[in-house]
Every structure is written in C-alpha cells, then in structure tokens.
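Visitor: Line by line, the protein sequences give chains A and B.
Its first residue numbered 0, the first sequence is counted upward by one per residue in numbering that gives the first Met the number 0.
Its first residue numbered 0, the second sequence is counted upward by one per residue in numbering that gives the first Met the number 0.
Glycine included, every Cβ here is placed at the ideal spot set by N, Cα and C.
2 protein chains.
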Amino acid sequence: MQLNHTHDVNTRSWLESAHAPGTDFPIQNLPFGVFRRKGSGEAFRGGVAIGDQVIDLAAIARDNAVSGPAAQAANACAGDALNDFLAMGPAAWRALRHALFDLLKAGASGPGVSALRASLVPQAEVEHRLPTRIGDYTDFYTSIHHARNVGRVMRPDDPLTSNFQWIPIAYHGRASSVVISGTAFRRPMGQAMPPGASAPVYGACKRLDYELEMGFYVGPGNAMGEPIPMAEAEQHIFGMCLLNDWSARDHQFWEMAPLGPFLGKNFCTTVSPWIVSMEALAPYRVPFAHPADEPQPLAYLDSAANTERGGVDVQLEVQLESREHRTRGVAPDRLSATSFRHQYWTIAQMLTQHTVGGCNLQPGDLLGTGTISGPTASEAGAIVELSVGGTRAVPLPGIGGERRFLEDGDTVILRGWCEKPGAARIGFGESRGEVLPAVG
Amino acid sequence: MQLNHTHDVNTRSWLESAHAPGTDFPIQNLPFGVFRRKGSGEAFRGGVAIGDQVIDLAAIARDNAVSGPAAQAANACAGDALNDFLAMGPAAWRALRHALFDLLKAGASGPGVSALRASLVPQAEVEHRLPTRIGDYTDFYTSIHHARNVGRVMRPDDPLTSNFQWIPIAYHGRASSVVISGTAFRRPMGQAMPPGASAPVYGACKRLDYELEMGFYVGPGNAMGEPIPMAEAEQHIFGMCLLNDWSARDHQFWEMAPLGPFLGKNFCTTVSPWIVSMEALAPYRVPFAHPADEPQPLAYLDSAANTERGGVDVQLEVQLESREHRTRGVAPDRLSATSFRHQYWTIAQMLTQHTVGGCNLQPGDLLGTGTISGPTASEAGAIVELSVGGTRAVPLPGIGGERRFLEDGDTVILRGWCEKPGAARIGFGESRGEVLPAVG
Numbered sequence: 000m001q002l003n004h005t006h007d008v009n010t011r012s013w014l015e016s017a018h019a020p021g022t023d024f025p026i027q028n029l030p031f032g033v034f035r036r037k038g039s040g041e042a043f044r045g046g047v048a049i050g051d052q053v054i055d056l057a058a059i060a061r062d063n064a065v066s067g068p069a070a071q072a073a074n075a076c077a078g079d080a081l082n083d084f085l086a087m088g089p090a091a092w093r094a095l096r097h098a099l100f101d102l103l104k105a106g107a108s109g110p111g112v113s114a115l116r117a118s119l120v121p122q123a124e125v126e127h128r129l130p131t132r133i134g135d136y137t138d139f140y141t142s143i144h145h146a147r148n149v150g151r152v153m154r155p156d157d158p159l160t161s162n163f164q165w166i167p168i169a170y171h172g173r174a175s176s177v178v179i180s181g182t183a184f185r186r187p188m189g190q191a192m193p194p195g196a197s198a199p200v201y202g203a204c205k206r207l208d209y210e211l212e213m214g215f216y217v218g219p220g221n222a223m224g225e226p227i228p229m230a231e232a233e234q235h236i237f238g239m240c241l242l243n244d245w246s247a248r249d250h251q252f253w254e255m256a257p258l259g260p261f262l263g264k265n266f267c268t269t270v271s272p273w274i275v276s277m278e279a280l281a282p283y284r285v286p287f288a289h290p291a292d293e294p295q296p297l298a299y300l301d302s303a304a305n306t307e308r309g310g311v312d313v314q315l316e317v318q319l320e321s322r323e324h325r326t327r328g329v330a331p332d333r334l335s336a337t338s339f340r341h342q343y344w345t346i347a348q349m350l351t352q353h354t355v356g357g358c359n360l361q362p363g364d365l366l367g368t369g370t371i372s373g374p375t376a377s378e379a380g381a382i383v384e385l386s387v388g389g390t391r392a393v394p395l396p397g398i399g400g401e402r403r404f405l406e407d408g409d410t411v412i413l414r415g416w417c418e419k420p421g422a423a424r425i426g427f428g429e430s431r432g433e434v435l436p437a438v439g
Numbered sequence: 000m001q002l003n004h005t006h007d008v009n010t011r012s013w014l015e016s017a018h019a020p021g022t023d024f025p026i027q028n029l030p031f032g033v034f035r036r037k038g039s040g041e042a043f044r045g046g047v048a049i050g051d052q053v054i055d056l057a058a059i060a061r062d063n064a065v066s067g068p069a070a071q072a073a074n075a076c077a078g079d080a081l082n083d084f085l086a087m088g089p090a091a092w093r094a095l096r097h098a099l100f101d102l103l104k105a106g107a108s109g110p111g112v113s114a115l116r117a118s119l120v121p122q123a124e125v126e127h128r129l130p131t132r133i134g135d136y137t138d139f140y141t142s143i144h145h146a147r148n149v150g151r152v153m154r155p156d157d158p159l160t161s162n163f164q165w166i167p168i169a170y171h172g173r174a175s176s177v178v179i180s181g182t183a184f185r186r187p188m189g190q191a192m193p194p195g196a197s198a199p200v201y202g203a204c205k206r207l208d209y210e211l212e213m214g215f216y217v218g219p220g221n222a223m224g225e226p227i228p229m230a231e232a233e234q235h236i237f238g239m240c241l242l243n244d245w246s247a248r249d250h251q252f253w254e255m256a257p258l259g260p261f262l263g264k265n266f267c268t269t270v271s272p273w274i275v276s277m278e279a280l281a282p283y284r285v286p287f288a289h290p291a292d293e294p295q296p297l298a299y300l301d302s303a304a305n306t307e308r309g310g311v312d313v314q315l316e317v318q319l320e321s322r323e324h325r326t327r328g329v330a331p332d333r334l335s336a337t338s339f340r341h342q343y344w345t346i347a348q349m350l351t352q353h354t355v356g357g358c359n360l361q362p363g364d365l366l367g368t369g370t371i372s373g374p375t376a377s378e379a380g381a382i383v384e385l386s387v388g389g390t391r392a393v394p395l396p397g398i399g400g401e402r403r404f405l406e407d408g409d410t411v412i413l414r415g416w417c418e419k420p421g422a423a424r425i426g427f428g429e430s431r432g433e434v435l436p437a438v439g
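In structure tokens, the structure reads:
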C-alpha cells in the first residue's frame, strides 16, 4: 500500500485532543469500532476514534456528512456490526477514511464538518461491543520464539515441530467466546493430569495464562474452493487489533493430544475495541524474510510485496494489575514488551494459507496471529514462557509480589502502538480482562 | 425421555407414502429441516418430512393450522433457519411435533388437517439449505475403535492417547464450510511431506478421505461461565443428523503437530438435510457404560440417566458411487456399516464436556461425534482405516474396482436409520457429496 496524504505527519485536526501527547488516535489513525453511550438503551453503531472522541457513523450517514462512495460506506457502518462495510473492500474503506480525514483537518469547514462535530461522543462515555459478528475465529501459531519457548516446556527433546518453518500453523478457535475488552471471565474448571498421577483430577485451572496476540479482520473473503493468492491477500484484510488468547495450561496440556487445544483455550478470548486499518498502518510496514540458511517459503506463500513490506512494526506490551495494585493505587506492572515485526509469518501468508485448500473466509471473520514473543527472554508473550513453565517467579515490583501463573483478581492489559521518526504515532488502545474466581 | 403416543408403532397417517416400505419418514419420525421448491426464487423456510412430502411450516404458521405453544413454535420455523425454534427448548419442540403428529393421524379432520394437506410439497421437488445458521461447529473424537485404527497408522507405538478414556476429546471445526448434502467440492490443494522427503511438496491432496459421523444441534445453550451439568445436558440437544467430515490425510498428518487438524479438515463438511429429534429417537436409546476394568467417567461426566440410556442405537452405512458406477448404471457399493451405540462417549457427555470450562454454546451450533467406527475391521468409518493407511485395496465389487483413497468423481453417501421389533423404523435420509477435480 502506498503512502498518501492521510499519512502526512504534519497534518493537524481542529480537534485539540487529537494532538494530546501520547494519544493513540491522531487524525492519521482513524480506527473503526462499534459503540453506544454507556448504559444507555441506544442501538450500537459503527464509530471512528479521534483523539478522546468517537465519530458516530450512523449520524454521519443520516446527516449526509460525506457523499458518494464514502456515504455508501458510512451507511454500511450504521448498524451494530461492521460486516457489510468490511465486505465492500479497500476502495470503500479508503473512501470513508479519507472523507473523515478531510472533514477533521484543521481549517476544514462546511456542513459536513458541522455534522461530524455534532456527532462526536466522548470516549469516556461509551461502551463497545465486538466490531463484527464473527462467523469463524482462527488462531495461528507464527512466532518461532514462542514456539521454541513453549516447545521446550512441553517437548524438551523436540521444541520446534518440523512443519513450523514450512506452514503458518493454525487451529480453529471458538467464535462464541470472543469478547470485547473489559469483559471479566471466570477461571475455568476442567480436567488436568498432575505430574506423576495415574488419573486426572477435575478442578479449577491452576496454570492460568494470557497470550499476547494481534488479530486481523477479513474483508471481502472468498468462495469455497477459490483460494486467495498471495498477490491479493492484503485486499482481504481490513485491519488489526489486540487479542488476548487466555489459556488454561494444565487443562490444555492434558487434552491436546492428538487434536490440539480445545477447552484450554475456548473459555474466553479478548479483543480490543478498535480496528486499526491496514491503510493507517502503511507507514509501519517493514521488509520480511526468513534467514537465508533456513527454509524459504514455498511459491504459493511467496510474493515480492510480502518480501518488501509484509511485516508490520507494532510495539506491544503486557501489563498486570492485581487486586493489590488497585487497592494500593499502584500502577500496573509491565510483564514484557516486544514488536510484531519478529513474527515468522506475515498476515498475508496466514490469510493465503487459510484458503489454499479451499476454505472460505467471510467478511468479519477474525484471525489471530498466535502468541507474539520476541527473540529475547524478556520479550515473551505468555507467562508460561516468562516463568519457564512455572519454575521461576516473575516479579511484580510495584507491589513487591510475584507470579508464576495468573491469580484471581488479576487484570491483564495489552497495549500496542506504532511510532518512528517522520511518521505520526498511532495506537491500538488496549485489551483488558480480569480473572474472576472459578465457580466449582 | 419417556415414550409417549408419538412413538406408538401402530399409529398410521392418512398420508399413504408415510407407510411406504423402508421409508425414513413415517409419522413417528417428523424430522425438521429448511427447504424451498428447487430452483425457485421462493424464500427458504422450515419444513418437516413425512413420507415423500415436506410440511411447509411457514404455511402452517400463516394458516393457523396449529394453536397455542405449537403455533409459537411454528412461527419460529417460518424463516430461513431454525435457530429461534431451537432456542425455545424441549417443551416447544414437543408441542409442535405432537401437534403435527395429531394432524397427520389417520382419521384426523378439521381446518388444521386441510391446511397441513395444502402445505405439502413433494420431497422430489425441493432443495435444502443448512437447517440452522451455525455459529460454531465442534468436532469430537469419541470412537475408541477409530482412535485405535487411526492411531496405529499415525503412532504405531502409542495408538490410543492417554487422555482418550478420560475426556471426550474434541477440536473446533470450521463453520463456514459446513454444507448441505448434495454440494460437490474441489479436491483441496495444500502441503504434504512425502515419506522420506526432506522438504514438503505443494499439490492436490493424494489421500482424500471421508469420515462417517453423526452431528447434533444445540438447543437453548448456556451463557459464558455457566457450564451445563450432565443432568441437564439432553435438554440442550434438539436432534441428530448425518455428518461427513471430509479429510485430506496427507495435508492433515503434516500440519497437525502440535495444534491439531486445520486445512486437512476445513475445506468441506457435509450434513444431511433433516434433523431427527431426540424425542423421535427415544425408542432407540440404549444403556451406556465403559467396561468395568477401564477408567470410569469422572463425576462431572456421569449421571444415572446417561448410564441407563445415554446411548443411541443408530444403524449407519457408507456407500461409494464412482463415475463408473453412474456411467454403467450400477448401484453404489457399500464400504462399511456399523452402529452409533459403540461410541465411547455419549452426546450428553460431549455437550457437558464442551461447557465445563465455561465455553458458551448457542442455539443452532453443530457438534460432530467424530468418526464412528465399530469394533470389527469391516465397521470402520473412514477409508484410511479400511485401507490401513492406503496399504490395502478396498474392493468395489459393483464395478470390479478398488480404492485406497477417494478419486475424482467419487460420491460418498452416508445413510442412517433405527429399527427394532415393536418400534417404528425411522431414518435420517442421506448425506451425499461428490469430489470434483482440484484447481491447481
């Protein structure tokens, strides 16, 4: 994707909060979500974040604040899910984002600007729901550092399976239990096989974990039997979010032979409310390649564009806020930080791989990248890696405490942002979820 | 579930075809599906099979052919998917089925009978779509004979994983590629690792297989974090169908470490059009127990009702019809036959296991049982088992041919029925799908 005027770092908005230091939502971002006023009986509808406000897309459509293809796109965002908008494809996505950008620019005027200004709702006053009706949710496994870290815990002799460097590995996840940031969930009950035991035990999860991931949403998609080639893959990706693939490690490790994770992963998956569009991420695309002495992608997973700029340099961090942090008014502790640019496969390769056998993707489907762990130990995206399977304590300096796995009352917060000289800093907001006690 | 007057083997209908020898759809069955006249622009709507006809439930609702709770239930069946009806639960399901039964009985008369008669559409003139909008599709792995047969091919030293006799094992499947019987699909492209090779190859599947399964549809379901106990499990199961979990064995075996099957199974899953209700299956429930010298279910997977009648004795068979069968006008060859009563876990145990960690099931969700293989070699539910991983030819006597895996043009037909002395024979119709050549 080429850079265009919406990426100009010097463009400012008439909305003051779009320039607040450290804001995730300057005029160069304009991520999409679904919202309503908190606790109101209002209908949920599409919205776009700008500064500390939300642009109400149902109002934009109703008040004819934009015209032409942008108006058609805004209409598709007026309902309680963005599936129809995502189905329209890149030209429509671009038309609406550019029209909003132009209305938001410093100096813009006219009835469209007045209508946009009237539509604004403070972010502090809104609640979100999932941005799409997710038909299917798929989770990949594409960080070689994560695969090696977890592999060492589960299979010390064979940490990396022989297919990892040939296939963007994935499994199907559970769509019904994908929830929006802020949703608390109960620690899961289930079966585990304690070390050395001869029979499994039933009980509350003892090794509860998070997984730092990103998610991406499918645009037009494909019909059954018609794979999407690499050259077209990114036309089918609307944008990205933060994703926490909560995991019950004791349940998962006992259940997953031979068909993979099931209950260990399907009790809750949390996504951030805002989808940052691939167009907004264009300044942060980076070259992508496997080391020359390692297997190179088969032809169907290869493309020049992917090599040139298949990666995305998103800075990511994980924070933990325990009950004690809240009681004592202490800021959350950072557990780790890394970048998505270290991932072994790109989102285009993930999407193409998903369809190569003929599987159909539908507008609004959610794909997760798998845990994002960077090359060093402190960049691990799950506590099972940081604690080396629970054998080492992970310090929580803020409260003088520690964790090997998550405890009841722990809130895990994921954050993501992009920044570099010469480009506007843009952010993803946050994904947040609290562990409630099990009901036995 | 107790037997009631709808199970009386002596009750006859005024509709002659309900008594045709070998019919799947006598008055004691009354399975539900979604249909319209073939090739018409009509809206799809709910229907019930009787003899060689379909009762149009939109017409039943519109013409007030039934009243009270049955009318509310018929209204919920008037649209193009049965999700709202399934959400209503057993009392509503029973009210509608009993009301239709009473209108269909020999000797019944009145405006309701006339309306029902006027609503009938010949089955030969209809086409089907999926009976529900499937939110999520889950596939279990609950035949110990299948697990041992396949395990011997994949893991000769360890055919049965240590968790099999403790957990109804499952993985999440792909909802978007579940299709209705009669839908052809393309042989999938993908990666496989040939024996002895040092790098995988990309190409059309060389080891294409079917899997004989049953499916069952979720009724009311549960909220996240609120598991369904065994004592309530069957109140959340509306009924059962036939299911073919087409599998690309070469792709599957290469991709599935460590997270399970993905592309090897997500290119197509075929279901039969009619859902046979659990109430219709009541005469065929059978006792269920694990052998006394093997692990017994943990308490959360156990109930007296499950032991007394958790099983279902459904007769099943697999037929193969090649292009040559069709060209020569030869009947399909039977590949195998077995019964669902041999399954190691019951559908109630599968449903309870699915929710024990808090995962929410939604009305209309589809759960598959996993391949159904009986205790003897000839009862295997997949060709990889019959051909012992492709090492032995499976004869097709009708054409003097053989198969190790499926060839282009092969149609696989699944059938299922229940019969025993003193009860009416009821059937499931068929699941049928044809393999089209790959597009390379």
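1. Which two residues bound the contiguous beta strand (DSSP E) that contains Ala330 (chain B)?
2. I'd like to confirm something about Arg424 (chain B): is its beta-carbon nearer than 6 Å to some heavy atom of the ligand ATP, or not?
3. Pull up the CB-CB distance for Ser473 (chain A) and Glu429 (chain A), whole angstroms please, since I reckon it's below 8 Å.
4. Measuring only the C-alpha atoms, how far is Ile133 (chain B) from His18 (chain A)?
5. Report yes or no: is there a C-beta of chain A within less than 7 Å of the C-beta of Asp301 (chain B)?
6. Give me the Cβ distance between Phe24 (chain A) and Ser276 (chain A), rounded to the nearest whole Å; I'm assuming they're in contact under 8 Å.
7. When the cut-off is 7 Å and only beta carbons count, does Asn265 (chain A) lie next to chain B?
8. Select from B:Ala256, B:Asp249, B:Asp83, B:Phe237 the residue whose C-alpha is nearest the C-alpha of Gln164 (chain A).
9. Give the C-beta separation of Gly380 (chain B) and Glu210 (chain B) to the nearest angstrom, bearing in mind that I take them to be a contact with Cβ-Cβ under 8 Å.
10. How many Å lie between Phe287 (chain B) and Gln1 (chain B) at the Cα?
11. Mind reading off the beta-carbon distance from His171 (chain A) to Phe237 (chain B)? Whole number of angstroms is fine, and I expect it under 8 Å.
12. Mind checking if Leu56 (chain A) is an interface residue toward chain B, Cβ cutoff 7 Å exclusive?
13. Using a Cβ-Cβ distance under 7 Å, would Thr160 (chain B) count as near chain A?
14. For Ala291 (chain A), is the classification buried or exposed, using 16 other Cβ atoms within 10 angstroms of its Cβ as the cut-off for buried?
15. I want to verify the contact list: residues of chain B whose CB lies under 9 Å from the CB of Ala117 (chain A), in sequence order.
16. Give the interface partners of Val198 (chain B) over in chain A, defined as CB-CB distance under 9 Å, in chain order.
17. Interface residues of chain A around Cys358 (chain B) at Cβ under 8 Å?
18. For Thr390 (chain A), which of A:Phe404, A:Gly399, A:Ser377 has the nearest alpha-carbon?
19. Between the stretch 54-62 of chain B and the stretch 71-81 of chain B, are three or more C-beta pairs nearer than 8 Å?
20. Would Pro130 (chain A) pass as an interface residue toward chain B - the criterion being a Cβ-Cβ separation below 7 Å?
21. For Gly367 (chain B) and Pro420 (chain B), I'd like the C-alpha separation in whole angstroms.
22. Can the beta-carbon of Glu323 (chain A) be found closer than 7 Å to that of Ile398 (chain A)?
23. If you draw a straight line from the alpha carbon of Ala69 (chain B) to that of Leu102 (chain B), how long is it in whole angstroms?
24. I'd like to know if Met188 (chain B) contacts chain A, where contact means its C-beta is closer than 7 Å to some C-beta of that chain.
25. Take Tyr201 (chain B) as the anchor and find which of A:Ile166, A:Ala191, A:Gly218, A:Met223 has the nearest alpha-carbon.
26. Pull the bridge partners of Ile49 (chain A) from the DSSP assignment, please.
27. Counting C-beta neighbours from all protein chains within 10 Å, is the total for His4 (chain A) 16 or more, i.e. buried, or is it exposed?
28. Have a look at the DSSP bridge pairing and note the partners of Lys419 (chain A).
29. From the DSSP secondary-structure annotation, give me the bridge partner or partners of Arg128 (chain B).
30. Would you identify the three-state DSSP class for Met192 (chain B), choosing helix, strand or coil?
31. Based on the DSSP secondary-structure assignment, which residues constitute the bridge partners of Lys264 (chain A)?
32. Measuring straight from C-alpha to C-alpha, what distance separates Ala222 (chain A) and Val355 (chain A)?
33. Return helix, strand or coil for Phe287 (chain A), following the three-state DSSP convention.
34. Please decide whether Gln361 (chain B) counts as near chain A, where near means a Cβ-Cβ distance under 7 Å.
35. Terminal residues of the continuous alpha helix (DSSP H) containing Gln348 (chain B)?
36. Check for me: the alpha helix (DSSP H) holding Asn441 (chain B) runs from which residue to which?
Guide: Let me lay it out:
1. Where Ala330 (chain B) is concerned, there is no enclosing beta strand (DSSP E), given that its DSSP letter is neither H nor E.
2. Absence of the ligand ATP from the depicted structure is noted, as is the absence of any ligand whatsoever, leaving it without description.
3. Absent from the structure is residue 473 (chain A), since the part of chain A shown begins at 0 and ends at 439.
4. 45 Å
5. no
6. With 8 Å as the limit, Phe24 (chain A) and Ser276 (chain A) do not qualify as a contact, their Cβ atoms being about 12 Å apart.
7. With 7 Å as the cut-off, Asn265 (chain A) counts as an interface residue toward chain B.
8. The option with the nearest alpha carbon to Gln164 (chain A) is B:Ala256.
9. That pair is a contact at about 6 Å.
10. 17 Å
11. His171 (chain A) to Phe237 (chain B), Cβ: 23 Å. No contact.
12. no
13. yes
14. exposed
15. Chain B residues near Ala117 (chain A): none, gap ~37 Å exceeds 9 Å.
16. Note that residue 198 (chain B) is Ala in the sequence shown, not Val. Result: Trp165, Pro294, Leu297.
17. Arg173, Ser175, Ser176, Leu262, Asn265, Phe266
18. A:Phe404
19. yes
20. Closer than 7 Å: no.
21. Near 29 Å, if we compare the C-alpha coordinates of Pro420 (chain B) and Gly367 (chain B).
22. yes
23. 12 Å
24. Yes, its Cβ sits closer than 7 Å to a Cβ of chain A.
25. Ranked by Cα distance from Tyr201 (chain B), the options A:Ile166, A:Ala191, A:Gly218, A:Met223 are led by A:Ile166.
26. A:Gln52
27. exposed
28. Partner residues in the beta bridge of Lys419 (chain A), as assigned by DSSP, are A:Ala422.
29. B:Val33
30. coil
31. Lys264 (chain A) is not bridged to any residue.
32. 12 Å
33. coil
34. At a cut-off of 7 Å between beta-carbon atoms, Gln361 (chain B) makes contact with chain A.
35. 346-354
36. In the structure as shown, chain B starts at 0 and stops at 439, and residue 441 (chain B) therefore has no counterpart that could be examined.
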